[in-house]
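First residue of the sequence shown? That's 1 in full-length UniProt numbering, and the numbers climb one at a time after it.
Where is the CB? At the ideal position from N, CA and C, for every residue including glycine.
Quick caveat: nothing in here was measured; it's all calculated off a predicted structure.
First up is the structure itself, then whatever we jot down about it.
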Amino acid sequence: MKNADLHMHTTASDGGYSPRELVAKCKEVGLEYIAITDHDTVGGVEEAMEEGEKLGITVIPGIEFSTKENGVSIHVLGYGLDLNDEALLNMLGEQQRMRKKRMEEMVTKFANINIQINAADILKEADGGSIGRPHVAKVLVKTGVVKDVAEAFQLYLGEGKPCYVKKEREMTPMEALKWIEASHGVAIVAHPVYYELDEKIEEWAATGLLHGVEVYHRDHDEDVQNHYELLVQQIEANLQVSLLRTGGSDFHHEDYGRVRQPLGETRIENELAIKLLGRMNERD
């Protein structure tokens with residue numbers, strides 16, 4: 001059965017629905033296994049899990065770490081982290097502090113080019129969640145500066161654009177892997193087609209800290225899926241290890257920037273979610 005989606009976002013980061021709303025919508029489209037993987041926060045996980053219990057959906061706790069290596073942005077998914085890990089929560093709190101400071105610097109840059117936006121409006125868009133550039137973009141749309149989120153990034157917020165602000169400190173992929181390991185989680189490299197880092201994936205797997213690859217993703221066509229399935233098989237043979245294959249829609253909202261995708265359109269086999277749950281149980 002293809003009723004699983006292991007990569008989804010809520011208002012705890014830059015998604016369009018609250019954790020409770022998203023789980024309810026997943027129920028409506030027949031999903032049975034989902035994972036909440038907000039950017040650099042686990043703030044929406046408990047609410048989603050509670051709603052999942054009510055509705056009979058298995059909600060897997062997750063996170064998507066934003067990292068960078070040699071100038072390349074790389075996302076690392078972590079599943080089954082200890083939500084009460086004090087060191088992890090403190091680190092994520094510091095991440096949120098840096099995100100807020102970055103947002104305030106963006107507001108200043110907009111003011112310098114005579115575009116007035118309000119930090120309070122951006123915080124309202126974030127609704128207590130992990131603040132990101134999409135929240136700034138949404139305010140720009142609402143104030144009529146741009147027609148949509150994609151244009152906001154194209155003109156102002158993308159790397160190298162006039163209101164882009166570099167992060168105060170970039171976490172490396174290896175640091176993310178170590179945080180996931182310390183919190184007894186399962187680490188997966190997200191949407192690898194964005195990076196083309198096959199050798200790095202094998203290098204991380206060789207450390208024992210990377211447990212799998214997101215082979216299936218809304219932006220992975222059949223050729224890409226086949227490429228990463230073959231890569232996983234080669235790494236397994238080379239290292240004599242067993243790696244997970246995961247996947248998901250990377251859902252934020254039905255109308256999210258350049259992405260127009262109904263909830264439930266990208267699905268993976270339930271068996272892949274069950275294997276992930278099994279690995280999580282081994283890590284406890």
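In terms of DSSP beta bridges, what is residue 5 paired with? Residue 5 pairs with 34.
Have a look at residue 120 and residue 154 and give me their C-alpha separation to the nearest angstrom. 23 angstroms
Restricting to Cα atoms, I'd like to know which of 170, 42, 51, 89 is closest to residue 72. 170
Residue of 225, 245, 275, 280 minimising C-alpha distance to residue 196: The option with the nearest alpha carbon to residue 196 is 225.
Contact check, residue 213 vs residue 201 under 8 angstroms by CB: the rounded distance? Yes, they are in contact, since the Cβ atoms of residue 213 and residue 201 sit about 6 angstroms apart, within 8 angstroms.
Based on DSSP bridge pairs, tell me the residues matched to residue 127. DSSP, once it has assigned bridges, lists no residue as partnering residue 127.
Limits of the beta strand (DSSP E) - the one that residue 201 falls within: Run containing residue 201: none in the beta strand (DSSP E); it sits in the alpha helix (DSSP H), 198-206.
Quick check: the Cα distance between residue 92 and residue 238, rounded to an integer number of angstroms? 35 angstroms
Under three-state DSSP, which class holds residue 12? Three-state DSSP puts residue 12 in coil, outside helix and strand.
Would a C-beta distance cut-off of 8 angstroms place residue 187 and residue 6 closer than the cut-off? no
Tell me where the beta strand (DSSP E) around residue 156 begins and ends. That residue, residue 156, is in no beta strand (DSSP E); it is neither H nor E in DSSP.
Residue 68 bridges to which residues according to DSSP? 73
So for residue 108, helix, strand or coil by DSSP? helix
Return the bridge partner residues of residue 58 from the DSSP annotation. 33
Let me make sure I understand the geometry here. Which of 22, 133, 172, 263 has the alpha-carbon closest to that of residue 163? 133
By the three-class DSSP mapping on this structure, what secondary structure does residue 267 have? coil
Alpha carbon to alpha carbon, what distance is there between residue 124 and residue 3? 33 angstroms
For residue 271, count neighbouring Cβ atoms within 10 angstroms of its own Cβ and tell me buried if that reaches 16, exposed if not. exposed
Let me know the secondary structure DSSP gives residue 216 once reduced to three states. strand
Residue 286 classed as buried or exposed, judged by whether at least 16 other C-beta atoms fall within 10 angstroms: Lying before the first or after the last residue shown, residue 286 is absent from the chain, which here runs from 1 to 284.
Since residue 48 and residue 36 should fall inside the 8 angstroms C-beta cutoff, what is the C-beta to C-beta distance between them, to a whole number of angstroms? 5 angstroms
How do the stretch 138-157 and the stretch 207-221 stand: do at least 3 beta-carbon pairs fall below 8 angstroms, yes or no? Too few Cβ pairs lie closer than 8 angstroms, so no.
Which residues bound the beta strand (DSSP E) around residue 42? Element bounds for residue 42: n/a, residue is neither H nor E.
Residue 120 - DSSP class collapsed to helix/strand/coil: Per DSSP, reduced to three states, the secondary structure at residue 120 is helical.
What residues match up with residue 143 in a beta bridge as DSSP calls it? Note: residue 143 sits in no beta bridge, so no partner.
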